[in-house]
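Visitor: For the numbering used here, count along the sequence shown from 1 and bump the result up by 340.
The beta carbon of each residue, even a glycine, is placed where N, CA and C say it ideally should be.
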Amino acid sequence: MEFFALIQSIVLGLVEGLTEFLPISSTGHLIIAGDLLNYTGEQAKTFEICIQLGAILAVCWLYRQRLMRVAVGVTREAGARQFVINLIVGVLPSAVFGLLLHKLIKEYLFNPVVVALALIVGGLIIFLVERKQRKPRITTVEQMSAADALKIGFAQIFSMIPGTSRSGATIIGGMLFGLSRQAATEFSFFLAIPTMFLATGYDVYKSWGTLAQQDLAFFAVGFVTAFLSALVAIKGLIRYVAHHDFTIFAWYRVVFGALALVYFLHWSAP
């Protein structure tokens with residue numbers, strides 16, 4: 341693998357891992373970073389999806405004991421069964437809409453201008469939700485019902501717009517529907533597991549013909565980098581939400597989105 345390709349893979353892996361679980365849109369940052377690094381096209385889109393799996397495996401690793409308890413107890417414990425039901429119900433809306441809209445989204449919305457606009461709009465929504473935040477009725481993931489999970493699942497549909505943020509849509513959606521900040525963040529982590537496994541598997545299947553054996557090292561470096569950096573980001577976010585709100589991420593989205601919009605509409609214009 342050439343040196344510049346190695347740098348591309350590491351940088352994009354870092355961007356993915358550090359942003360996947362923050363409400364600032366990993367896909368949006370990857371599109372912008374890929375454009376700046378001159379790594380675009382169908383293979384780039386597949387790469388962005390694949391390294392997301394590395395970040396998702398970081399959640400599986402950090403919550404491995406809890407996930408194992410659920411797997412072992414699903415046949416005999418009501419709480420474990422409800423947890424699994426909530427994940428299935430939560431992932432269904434995005435799975436259905438993803439199958440229907442996957443091609444159109446990748447063709448028309450995977451561009452820096454859409455990302456910049458979505459970052460700004462999402463930031464304004466976070467400002468609004470944090471300002472209107474009321475006392476939550478659900479403080480732990482275990483208190484959630486299937487109806488709660490379904491509502492968050494529908495909120496997750498908006499994350500199919502690049503720049504919206506999957507974690508942002510599910511966390512802020514959860515807060516709107518009565519979850520505490522901590523419960524919404526944790527459920528967002530868990531919901532990411534089936535969501536991203538399905539998205540990655542489907543995208544790799546559809547894009548298999550565009551990949552070659554020489555791409556393996558490039559993908560592997562990005563995958564591992566995303567996994568390691570996601571471990572850091574998840575631990576940091578868990579500590580952060582225990583004592584802070586998401587206003588700082590709203591400011592980041594608005595400022596970064598505005599700068600990106602100016603750049604891609606003005607300086608990068610042909």
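Whose CA, out of K491, Q405, F450 and F559, lies closest to the CA of S365?
Guide: F450
Visitor: In the structure shown, what three-state DSSP assignment does I588 receive?
Guide: helix
Visitor: Do you know how far the Cα of P363 is from the Cα of V424?
Guide: 24 Å
Visitor: Just how far apart, CA to CA, sit R416 and A590?
Guide: 42 Å
Visitor: Would you check if the stretch 425-436 and the stretch 488-506 touch, i.e. whether three or more CB-CB distances between them fall below 8 Å?
Guide: yes
Visitor: CB L538 to CB T510, shorter than 8 Å?
Guide: no
Visitor: Count Cβ pairs between the stretch 345-356 and the stretch 571-587 that sit closer than 8 Å; are there 3 or more?
Guide: no
Visitor: At 4 residues or longer, what runs of the alpha helix (DSSP H) sit wholly inside the stretch 367-409?
Guide: 382-402
Visitor: Between L370 and V351, how many whole angstroms is the CB-CB distance? I'm expecting something under 8 Å.
Guide: Wrong, their Cβ atoms sit about 10 Å apart, outside the cutoff.
Visitor: Would you mind sorting N426 into buried or exposed? The rule is 16 or more other CB atoms within 10 Å of its CB.
Guide: buried
Visitor: Do G503 and F387 have their beta-carbon atoms positioned less than 8 Å apart in this structure?
Guide: no
Visitor: DSSP on L519, reduced to helix/strand/coil?
Guide: In this structure, DSSP gives L519 an extended state, which the three-state scheme calls strand.
Visitor: Could you say if the stretch 464-482 and the stretch 576-589 meet the contact criterion of at least three C-beta pairs nearer than 8 Å?
Guide: Pairwise C-beta distances place the stretch 464-482 in contact with the stretch 576-589, as three or more of them are shorter than 8 Å.
Visitor: Hey, how far is the Cα of L556 from the Cα of A398?
Guide: Note on geometry: alpha-carbon atoms of L556 and A398 lie some 20 Å from one another.
Visitor: If you follow the alpha helix (DSSP H) that Y448 is part of, which residue opens it and which one closes it?
Guide: A418 to Y448
Visitor: Do G419 and E482 have their C-beta atoms within less than 8 Å of each other?
Guide: yes
Visitor: Report the partner residues of I478 according to the DSSP bridge assignment.
Guide: L519
Visitor: Is M500 buried or exposed, if buried means 16 or more other CB atoms sit within 10 Å of its CB?
Guide: With 16 or more other Cβ atoms from the protein chains shown falling within 10 Å of its own Cβ, M500 counts as buried.
Visitor: Verify whether the separation of the beta carbon atoms of L605 and V453 is less than 8 Å.
Guide: yes
Visitor: What is the DSSP secondary structure of H583, reduced to helix, strand or coil?
Guide: coil
Visitor: What residue range does the alpha helix (DSSP H) around D488 cover?
Guide: A486 to Q496
Visitor: Among the candidates S507, A523 and L464, whose CA atom is the shortest distance from the CA of R477?
Guide: Comparing alpha carbon positions, the residue from S507, A523 and L464 closest to R477 is A523.
Visitor: Between the C-alpha atoms of M408 and A566, what's the straight-line distance to the nearest angstrom?
Guide: Approximately 23 Å, taken between the alpha carbons.
Visitor: Confirm, please, whether the CB-CB distance from E360 to A395 is below 8 Å.
Guide: yes
Visitor: According to DSSP, is F361 helix, strand or coil?
Guide: coil
Visitor: In terms of alpha-carbon separation, which member of L444, W401 and S505 lies closest to G283?
Guide: Past the edges of the chain, shown from 341 to 610, lies residue 283, and the structure says nothing about it.
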